[in-house]
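Below is one structure, written out as structure tokens; the observations come after it.
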Amino acid sequence: MLMTVDHAAALARFNVLAERYSGRFEPMAPFPWWVLGLVTNFAAPLFWFASGVSLGLFERGMRGRADAGLSLTKIILVRAGLLLLLDAFVISPLWAPLLRLKVFYTFDMLSSLGLSLALLAGLRFLPRRALGVLGLVLIVGFEALRAALPAGLREAGGFWLAVWLDHVGGSHPVVSFPVLGWLGLLLLGYAFAVAALRPTWRSPGRWVWIGGLLLTSWAVLRWSRGYGNLDVPIPETGFVEFLTMTKGPPSLTFLLFNLGLAALAYAGVLLWETRGGGRIWSALGDLGRAALFVYLVHLVLYKVIAWGTHRAIHDYEVIRFVITWTIGITVLVPLARWYRKLKMSYRKSVLKYL
Numbered sequence: 006m007l008m009t010v011d012h013a014a015a016l017a018r019f020n021v022l023a024e025r026y027s028g029r030f031e032p033m034a035p036f037p038w039w040v041l042g043l044v045t046n047f048a049a050p051l052f053w054f055a056s057g058v059s060l061g062l063f064e065r066g067m068r069g070r071a072d073a074g075l076s077l078t079k080i081i082l083v084r085a086g087l088l089l090l091l092d093a094f095v096i097s098p099l100w101a102p103l104l105r106l107k108v109f110y111t112f113d114m115l116s117s118l119g120l121s122l123a124l125l126a127g128l129r130f131l132p133r134r135a136l137g138v139l140g141l142v143l144i145v146g147f148e149a150l151r152a153a154l155p156a157g158l159r160e161a162g163g164f165w166l167a168v169w170l171d172h173v174g175g176s177h178p179v180v181s182f183p184v185l186g187w188l189g190l191l192l193l194g195y196a197f198a199v200a201a202l203r204p205t206w207r208s209p210g211r212w213v214w215i216g217g218l219l220l221t222s223w224a225v226l227r228w229s230r231g232y233g234n235l236d237v238p239i240p241e242t243g244f245v246e247f248l249t250m251t252k253g254p255p256s257l258t259f260l261l262f263n264l265g266l267a268a269l270a271y272a273g274v275l276l277w278e279t280r281g282g283g284r285i286w287s288a289l290g291d292l293g294r295a296a297l298f299v300y301l302v303h304l305v306l307y308k309v310i311a312w313g314t315h316r317a318i319h320d321y322e323v324i325r326f327v328i329t330w331t332i333g334i335t336v337l338v339p340l341a342r343w344y345r346k347l348k349m350s351y352r353k354s355v356l357k358y359l
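Rendered as structure tokens:
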């Protein structure tokens with residue numbers, strides 16, 4: 006849901022920017038849209054963590070089959086290859102605003118996730134606890150790893166080194182999601198998957214405690230202005246500057262802050278579930294169970310809608326953005342529900358890779 010808000014704004018040329026990127030200097034969004042961008046920022050870290058959890062639960066469901074290990078490895082590798090192909094030939098061209106198509110490849114989220122899944126196909130044979138520890142080490146130690154590389158090597162490494170460690174904007178191909186900056190979340194989610202089913206992890210109070218711990222850690226690091234910040238200077242000052250952190254490549258403070266917010270949001274969801282839930286929770290479930298389908302379709306959908314609203318109400322950008330997102334999400338939820346039912350009806354088809 007949050008991803009659709011962010012991407013609808015980007016395709017409609019409406020600024021909700023509330024994060025920084027190395028080598029890319031853009032003005033922050035004005036209030037209250039900066040606050041909206043700050044909230045939508047936790048979509049990316051949550052997506053990576055949830056992808057790991059989803060795959061871990063999928064593996065658990067395959068236990069007992071004689072060929073489970075081989076089948077899962079095949080599924081992971083095929084899915085990884087599909088993500089790389091989709092990003093190169095479908096997603097990258099769609100990122101140009103309105104109805105234009107971008108001619109340059111961007112190593113974006115699906116490319117990074119695809120390469121990370123290929124790594125996970127081998128790493129998953131490690132004990133779950135070891136995999137979780139490795140994920141934490143990557144999350145905490147990513148900045149140290151970048152700093153340890155000699156400057157000459159980083160400059161000479163170009164695109165292929167950036168794929169692993171850096172955010173490169175303004176040159177081609179662009180790298181938006183360096184693998185080692187995000188892989189830790191995938192590994193941590195995969196290691197956590199089995200524990201996620203235990204009743205003790207379905208307690209809202211536990212997630213409030215986790216969210217508070219993450220946000221406290223964030224506040225200490227952010228206040229120190231030292232390790233974990235990866236700051237890119239911007240002209241804003243005060244609390245806007247304090248809360249605007251580096252996403253590309255992801256700083257530790259960016260991840261802690263957004264995972265902390267996600268933990269508190271999840272606590273709210275669990276509490277809501279105990280009180281009966283509602284239509285909104287059902288819609289979120291439909292979107293989440295068809296994540297890749299939603300990712301692909303929402304870009305096409307919002308691209309077309311943004312073009313139409315841009316032509317119809319060009320001078321009213323707030324109204325244009327709100328209408329664009331509202332129409333898109335109204336269409337997207339039933340489409341996701343339809344696709345999920347289709348996938349359930351053809352469990353052994355190629356749809357299982359998507």
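Here my numbering is used: the first residue of the sequence shown is 6, the next is one more, and so on. Don't be surprised by glycine CBs; every beta carbon is placed ideally from N, CA and C.
(request) Verify whether the separation of the beta carbon atoms of LEU7 and ALA34 is less than 7 Å. (result) Against the sequence shown, residue 7 aligns to sequence position 2. Against the sequence shown, residue 34 aligns to sequence position 29. Contact: no.
(message) What residue range does the alpha helix (DSSP H) around GLY194 cover?
(response) As a working mapping, residue 194 is identified with position 189 in the sequence shown. From DSSP, the alpha helix (DSSP H) with GLY194 extends over 184–197.
(request) Report back the beta-carbon spacing between LEU128 and VAL213 to the nearest angstrom; my notes put them in contact at under 8 Å. (result) Locating residue 128 in the sequence shown gives position 123, counting from the first residue. Locating residue 213 in the sequence shown gives position 208, counting from the first residue. 31 Å between Cβ atoms; not a contact.
(request) With a 10 Å radius around its C-beta and 16 neighbouring C-beta atoms as the bar for buried, classify THR335 as buried or exposed. (result) Stepping through the sequence shown from its first residue, residue 335 is reached at position 330. Classification for THR335: exposed.
(message) Less than 7 Å between the C-beta atoms of VAL180 and ALA196, yes or no?
(response) Your numbering for residue 180 matches position 175 in the sequence shown. Your numbering for residue 196 matches position 191 in the sequence shown. Cβ distance not < 7 Å, so VAL180 and ALA196 don't count as in contact.
(message) Measuring alpha carbon to alpha carbon, tell me which residue in SER56, GLY273, PRO183, THR221 is nearest THR258.
(response) Here residue 258 is taken as the residue at index 253 of the sequence shown, counted from 1. Nearest option by C-alpha distance: THR221.
(message) With DSSP as the reference, identify every bridge partner of TYR110, one or two as the case may be.
(response) The residue given as residue 110 occupies position 105 in the sequence shown. Partner(s): none; TYR110 has no beta bridge.
(request) Grab me the residues of ALA137's own chain with a C-beta within less than 8 Å of its C-beta, minus the 5 sequence neighbours each way, in chain order. (result) The residue you call residue 137 lines up with position 132 of the sequence shown. As written in the sequence, residue 137 is Gly, which differs from the Ala given in the question. Excluding positions up to five away in sequence, the list reads LEU192, LEU193, ALA196, PHE197.
(message) Nearest by alpha-carbon distance to LEU301: which of LYS79, ILE96, GLY57, LEU43 is it?
(response) Numbered from its first residue, the sequence shown carries residue 301 at position 296. Among LYS79, ILE96, GLY57, LEU43, the Cα nearest to that of LEU301 is on ILE96.
(request) Hey, could you find the ends of the alpha helix (DSSP H) THR249 is sitting in? (result) Against the sequence shown, residue 249 aligns to sequence position 244. It is not in any alpha helix (DSSP H) - THR249 carries neither H nor E in the DSSP assignment.
(request) Please name the residue, chosen from TYR271, PRO183, VAL145, VAL21, that lies closest to LEU51 on a Cα-to-Cα basis. (result) Taking the first residue of the sequence shown as 1, we reach residue 51 at position 46. Comparing Cα positions, the closest option is TYR271.
(request) Name the two residues that bound the continuous alpha helix (DSSP H) containing LEU219. (result) In the sequence shown, counting from the first residue as 1, residue 219 sits at position 214. Segment 209–229, the alpha helix (DSSP H) holding LEU219.
(request) Answer yes or no: do PRO209 and LEU275 have a C-beta to C-beta separation smaller than 7 Å? (result) Translated into the one-based positions of the sequence shown, residue 209 becomes position 204. Translated into the one-based positions of the sequence shown, residue 275 becomes position 270. Closer than 7 Å, so yes.
(message) Considering just the uninterrupted stretch of the alpha helix (DSSP H) at SER350, what are its terminal residues?
(response) Position 345 of the sequence shown, counted from the first residue, corresponds to residue 350. Looking at the DSSP string, the run of the alpha helix (DSSP H) that includes SER350 is 322–350.
(message) Do VAL184 and TRP169 count as a contact pair if the criterion is CB distance below 7 Å?
(response) If you number the sequence shown from 1, residue 169 lands on position 164. If you number the sequence shown from 1, residue 184 lands on position 179. For TRP169 and VAL184, yes; Cβs fall inside 7 Å.
(request) Rounded to whole angstroms, what's the CA-CA distance from LEU103 to MET67? Just pull it up for me. (result) In the sequence shown, the residue the question calls residue 103 occupies position 98. In the sequence shown, the residue the question calls residue 67 occupies position 62. About 43 Å.
(message) Here's the rule I'm using: 16 or more other beta-carbon atoms within 10 Å means buried, otherwise exposed. How should MET349 be labelled?
(response) For the purposes of this step, residue 349 is taken as residue 344 along the sequence shown, with counting starting at 1. The residue in question, MET349, is exposed, as its Cβ has fewer than 16 Cβ neighbours within 10 Å.
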